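Below you'll find the structure, written out as structure tokens, and then a few comments.
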Amino acid sequence: MELLNNIVANIKPLDEKTIKDASNRLDNLIKPIGSLGRLEGIAIRIAGIKGKVNNHVPKKCLVVMASDNGVCEEGVSTSPQAVTALQAVSMTKGLAGISVLCRQACSDVKVVDIGIKEDYDCKDIINMKIRKGTWNISKRSAMTRDEAIKAIESGIRIIEGLVQEGYDVIGTGEMGIGNTSSSSAIIMSFTGCSPEQAVGKGTGLTEEGFINKKYIIKRAIEINKPDKNDPIDVLAKVGG
């Protein structure tokens, strides 16, 4: 918990002066104001993060955290859990959709096993496994509080290592069958919204399967009673 507390305490706000300077610079280039659309917003945000107007990002990386969700026992996904491991391995071989996109962006891909259930043979996956998948949130908490903290701090250590390797921009992603059930449960826990507002069909559930998925997630929240004022409690009880 010490690592997490130190990181949170040292998070700095965006540099507002640099944001203004970067915006002014873009507006004074020989082009219509705002003509580059979202690219301008990205450039301005990077300037605010790094504290300087002119930035170069030659070394980029996407980190994919892969783990399985125990709630899959309840039929909330059309895909078998084995797909998590298969996709993770595919990413390291450049065969997944995200691999193609990253190649186009000249970005590396790092895959981290934070809780894949199935065994696999791939030395290119970074092993930081907490354990083999979460528990079924419709029956009990997804993990212990200590495991939730360990998972967060594992992510912090991965990023710290990549920064030391010289990466300028790091993106984050995840892979795990059943992940939309966990994310929907987290959204509902924090906002108090209904299953109809938070839950989607994921990978093509039938209408019957969709009804079941909403019921399972609602039951998970009723059983675990996550505290919306304690993000770690929410993650531990209904996260993935």
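The opening position of the sequence shown corresponds to residue 555 in the numbering used here, with each subsequent residue numbered one higher.
Glycine included, every Cβ here is placed at the ideal spot set by N, Cα and C.
Just so we're clear, the structure is a prediction, and the values are computed from it rather than from any experiment.
Residue i and residue j closer than 8 angstroms at C-beta
| i | j | result |
| --- | --- | --- |
| A790 | T698 | yes |
| C615 | I724 | yes |
| V738 | V753 | Inspection of the sequence shows that residue 738 is occupied by Ser rather than by Val. Cβ distance < 8 angstroms, so S738 and V753 count as in contact. |
| A620 | I684 | no |
Nearest-angstrom Cα separation, counted from residue j out to residue i
| i | j | result |
| --- | --- | --- |
| I765 | Q751 | 13 angstroms |
| E628 | D667 | 23 angstroms |
| G746 | E714 | 34 angstroms |
| C656 | D722 | 15 angstroms |
| S743 | T632 | 24 angstroms |
| R599 | E762 | 43 angstroms |
| P780 | P567 | 29 angstroms |
| R694 | N623 | 12 angstroms |
| K571 | L593 | 19 angstroms |
| R579 | K606 | 12 angstroms |
| D673 | V617 | 20 angstroms |
| K585 | N608 | 18 angstroms |
Assigned exposure category for residue i - 16 Cβ within 10 Å defines buried
| i | result |
| --- | --- |
| L759 | buried |
| I712 | buried |
| A563 | exposed |
| K782 | exposed |
| T757 | exposed |
| N582 | exposed |
| V663 | buried |
Residue nearest to residue i in terms of C-alpha spacing, selected from the options
| i | options | result |
| --- | --- | --- |
| V611 | S589, C660 and K585 | C660 |
| I565 | L583, K604 and M619 | K604 |
| G687 | C626, K664, V665 and Q718 | C626 |
| I573 | N560, G595 and S589 | G595 |
| S692 | G793, A705, L716 and V717 | G793 |
| T734 | Q718, L716, K755 and S748 | K755 |
Short CB-CB distance (under 8 angstroms) between residue i and chain C
| i | result |
| --- | --- |
| V723 | Absent here is chain C; the protein component of the structure consists of one chain. |
Practice prompt. Report yes or no: do three or more beta-carbon pairs, one from the segment 634 to 652 and one from the segment 728 to 735, lie closer than 8 angstroms?
Written response: yes
**Prompt:** Are the segment 641 to 652 and the segment 702 to 710 touching, with three or more C-beta to C-beta distances below 8 angstroms?
**Reply:** no
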